[in-house]
Structures are given as structure tokens and as C-alpha cells.
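Residue numbers (the working numbering), protein chains in the order written: chain A, -18 to 151; chain B, 487 to 593.
Below is the structure:
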């Protein structure tokens, strides 16, 4: 069962990622990215990360992608025009991608002692996760909330219509 | 058929999937010509790395690996909010989303 679920949702993942590259309209790319993120949530569940599966659906497939589709619709982004891209991307970028993938695949396939994942493996419960998060890692958690606050303020300041100096000058 | 149902998946398959997704994200970063889809490719790379974090957390029964993914998600949410605000500001200034025309800082 684990194998079948893995193959199905890994297939969805790869198909969505390839479709993201092939589509020329941003809204289609955004929708295929939602497919990728939702199937990743199923893979997290297979690996026993129940809280992260829920957070993946809510935060990534929900909140972040709603933000993306909002911006695509707000800016009325049309079809992108295909160009060849920069010279550096063709000369350095694509060989670099091939090298990265080759090195990673070699390292992963040669690694010794990696186990298997099955349905009988235990699930990390949300209680276990939050016990560590709210005792050992309380300070990083609180610092991240400050980061989120700063990000909200920065997003509002950046996206606000017309900056203060211009309106003061008029 | 019952052997197919009770089959287990090697951890390395998850890691390979993560590596392939990351490479697809890098390729998308290089070939996409729209600012928003370039940004989506970055999100794809973040997700690929998250998958390998969760895989290793499962392999070594380490809860902190999953908590790291939680932090990555929070930072990604902040990054998406600020990044999309920057994209809106760029669109307002240049009236285009094509990365070929937003090349003021190019050498």
C-alpha cells in the first residue's frame, strides 16, 4: 500500500512540477504548483509527519498559493513570451543543474544504511512535536513571530500605493 | 498482489524525488521569463528541500527535523508576502513582469 501511494503521489508531484515548467500562463503554473504541494502533503503523511501534512495543506497549498493567484489576477499577468534567456543561464546554469542532480543522485544511491519506510512505522504525533517546540525551541519560535510581524509591515510598506515622500512633495 | 500491498519504499526513493524536484525548480528558475513563475520555482525548491528534511527525520526518528520544516514554512510564508509585495512594486514602476525587461541592475 505504501509503495502504491508513494508511486501515485510522487508521479503527481513530478507531473505537476514539469507542468509548471511547460505552461506559459502564470495561473496554470500556480495551479500545478498547488498539485505539487498537496501531493507532498500526502508524502509527509506517509513518512509519519501528520502535523506537517496538515500545515503543508493549510500554509502552502492554502495561504501562500492564494497569495500567488491573487497577485497573478491583480497584475493581470498574461502569457509569457518565450525568449532564449540570458547567455549565462545557458552556458553555466544548465550544466550546473545537470552536475547538481548527478552528484546528488550518486550520493543518495551509494549511501549505505538507509532504511525503508512502511505503513507500520510510527507517526510523530503533534503532541511530541509541540513538546519539543515549546520547551527546547521556545526562543526560536518566538523570534520567528517577530520575523512574521516585520514581514507583514514590510509587505504593507512595499505594496502601499504611492510613498510618503511623493505625496508630501505635491 | 498481496506482496505489492505490503511492499515498503526505500528511503533513497524519497531523497531522489526530492533531488529531482529541486533540479526542476532550478530549471524553472532559469527558463521561466515571468517574474511570478520565477518566484514559484523558488517555492518549488523550498518544498523539495522540506521533503528531504522530513525523510531524514523519519529515518533517524528525530523530531527536530520536522520542527525545522515548520520553521522553513514560516520563513517561506514571510518570504512570499514580501516577495509578492516587491513584485507589485516592480510592476507599478515598470508596467511589465517580463524578467528580460527588468534588467536595470544587469552587468
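Virtual Cβ for every residue (Gly too), placed ideally from N, Cα, C.
Quiz item: Where does the unbroken alpha helix (DSSP H) through residue 531/B begin, and where does it stop?
Solution: 521 to 545 is the extent of the alpha helix (DSSP H) around residue 531/B.
Practice problem: Kindly list the residues whose CB is nearer than 8 Å to the CB of residue -8/A, restricted to its own chain and excluding five residues on each side of it in sequence; keep chain order. | Solution: Nothing listed; no residue qualifies.
Quiz item: Which residues in chain B sit within 9 Å of residue 49/A, going by Cβ to Cβ distance?
Solution: Going along chain B in sequence order, the residues near residue 49/A (Cβ under 9 Å) are 522, 525, 526, 529, 566, 570.
Quiz item: By the 10 Å Cβ neighbour count, where 16 or more other Cβ atoms means buried, how is residue -12/A classified, buried or exposed?
Solution: So residue -12/A counts as exposed.
Exercise. Answer with buried or exposed for residue 527/B, where buried requires no fewer than 16 other C-beta atoms within 10 angstroms of its C-beta.
Key: The residue is buried, with at least 16 neighbouring Cβ atoms inside 10 Å.
Quiz item: List, in order along the chain, the chain A residues whose C-beta lies closer than 8 Å to that of residue 580/B?
Solution: Ordered by position in chain A, no residue passes the 8 Å Cβ test against residue 580/B, which lies about 11 Å from the chain.
Quiz item: Per DSSP, residue 98/A is paired with what?
Solution: Residue pairing of residue 98/A in beta bridges, as defined by DSSP: 495/B.
Quiz item: Taking the continuous alpha helix (DSSP H) assigned at residue 71/A, which residues delimit it?
Solution: For residue 71/A, there is no enclosing alpha helix (DSSP H), as DSSP marks it with neither H nor E.
Exercise. State yes or no: is the beta carbon of residue 548/B nearer than 7 Å to at least one beta carbon in chain A?
Key: Contact of residue 548/B with chain A is not assigned, every C-beta pair being separated by 7 Å or more.
Quiz item: If we ignore side chains and look at the alpha-carbon of each, how far apart do residue 141/A and residue 127/A end up?
Solution: Roughly 21 Å separates the two Cα atoms.
Practice problem: Measure from the alpha carbon of residue 129/A to the alpha carbon of each residue in 580/B, 584/B, 559/B, 514/B, then state which is nearest. | Solution: The shortest Cα separation from residue 129/A among 580/B, 584/B, 559/B, 514/B belongs to 559/B.
Self-check item: Short Cβ contact (7 Å threshold) for residue 11/A with residue 52/A
Solution: No, the pair does not count as a contact, with Cβ atoms beyond the cut-off.
Quiz item: Does the Cβ of residue 520/B have 16 or more other Cβ atoms within 10 Å, making it buried, or fewer, making it exposed?
Solution: Around the beta-carbon of residue 520/B, 16 or more other beta-carbon atoms lie within 10 Å, marking it buried.
Quiz item: Can you list the residues of chain A that residue 555/B reaches, using a CB-CB cut of under 7 Å?
Solution: The contact set of residue 555/B on chain A, defined by CB atoms closer than 7 Å, consists of 33 in chain order.
Practice problem: In angstroms with no decimal places, state the Cα-to-Cα distance between residue 117/A and residue 552/B. | Solution: When rounded, the distance between both Cα atoms is 14 Å.
Quiz prompt | Residue-chain proximity (residue 588/B, chain A), Cβ-Cβ < 7 Å | solution = No Cβ of chain A is located within less than 7 Å of the beta carbon of residue 588/B.
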